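Q: Have a look at this one before I ask anything.
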């Protein structure tokens, strides 16, 4: 005679397997360990991307500032134009445009090389990543040659 597993309501239930009982809750435990690690890796990737993005804006600003400065007629005009260009290029980076600084080196005469060193400060505290620096201050340098036939006022 065959054994009928039907209960009083007529539903069929399988008997529990012996090996499966020990695995109960293992997925929840794995997720408890894996989720923070995955979130930390995502936060690190986000932070790295944000730093690279800000540095890219500053590099572009230094490059454009050097080119604009070599087109200026005086050192004061070159410094003012370079600072304006760096601020314009870094205004998308929160806090960087307001703290931008420019330093010109080189002699301001036709045929000489003018070097622009730009820097700014921006905060990473809004990311909330433990151990991340609160403020970054990157610098970028670019050089450009003043045209030989450029008229320069003293």
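In this note's numbering, the protein residues as written are 2 to 155. Note that beta-carbon positions come from the ideal geometry of N, C-alpha and C, so glycine has one too. All figures in this text were calculated on a predicted structure; none of them were measured in a lab.
#1: Among residues of its own chain, excluding the 5 on either side of residue 1, which ones have a beta-carbon nearer than 8 Å to its beta-carbon?
#2: Could you name the residues that DSSP lists as bridge partners for residue 120?
#3: In the structure shown, what three-state DSSP assignment does residue 115 receive?
#4: Would a C-beta distance cut-off of 8 Å place residue 82 and residue 73 closer than the cut-off?
#5: Would a C-beta distance cut-off of 8 Å place residue 117 and residue 105 closer than the cut-off?
#6: Take residue 37 and list the residues in its own chain whose beta-carbon comes closer than 8 Å to its own, dropping the five residues that flank it on each side.
#7: Once you ignore the five residues that flank residue 135 on each side, which residues in its own chain have a CB closer than 6 Å to its CB?
#8: With a floor of 4 residues, list each alpha helix (DSSP H) that falls wholly inside the region 57-103, ordered by position along the chain.
#9: Which same chain residues end up closer than 6 Å to residue 68 when comparing Cβ atoms and leaving out the 5 residues on each side of it in sequence?
#10: Quick check: what's the CA-CA separation for residue 41 versus residue 128?
A: Let's see:
#1: Past the edges of the chain, shown from 2 to 155, lies residue 1, and the structure says nothing about it.
#2: Reading the chain shown from its first residue, position 119 is the one you call residue 120. DSSP, once it has assigned bridges, lists 102, 140 as partnering residue 120.
#3: Residue 115 sits at position 114 when you count from the first residue of the chain shown. The answer is strand: DSSP assigns residue 115 an E or B state.
#4: Residue mapping note: residue 82 aligns to position 81 of the chain shown, counting from 1. Residue mapping note: residue 73 aligns to position 72 of the chain shown, counting from 1. A contact, by the Cβ cut-off of 8 Å.
#5: Within the chain shown, the letter at position 116 stands for residue 117. Within the chain shown, the letter at position 104 stands for residue 105. A distance below 8 Å separates the beta carbons of residue 117 and residue 105.
#6: Locating residue 37 in the chain shown gives position 36, where the first residue counts as 1. Answer for residue 37: no residue qualifies.
#7: The count along the chain shown starts at 1 and reaches residue 135 at position 134. 126, listed in sequence order.
#8: Every alpha helix (DSSP H) of 4 residues or more that sits fully in the region 57-103 is shown, in chain order, as 76-91.
#9: Here the question's residue 68 lines up with position 67 in the chain shown. The answer, listed in chain order, is 145.
#10: Taking the first residue of the chain shown as position 1, residue 41 is located at position 40. Taking the first residue of the chain shown as position 1, residue 128 is located at position 127. One alpha carbon belongs to residue 41, the other to residue 128, and they sit about 11 Å apart.
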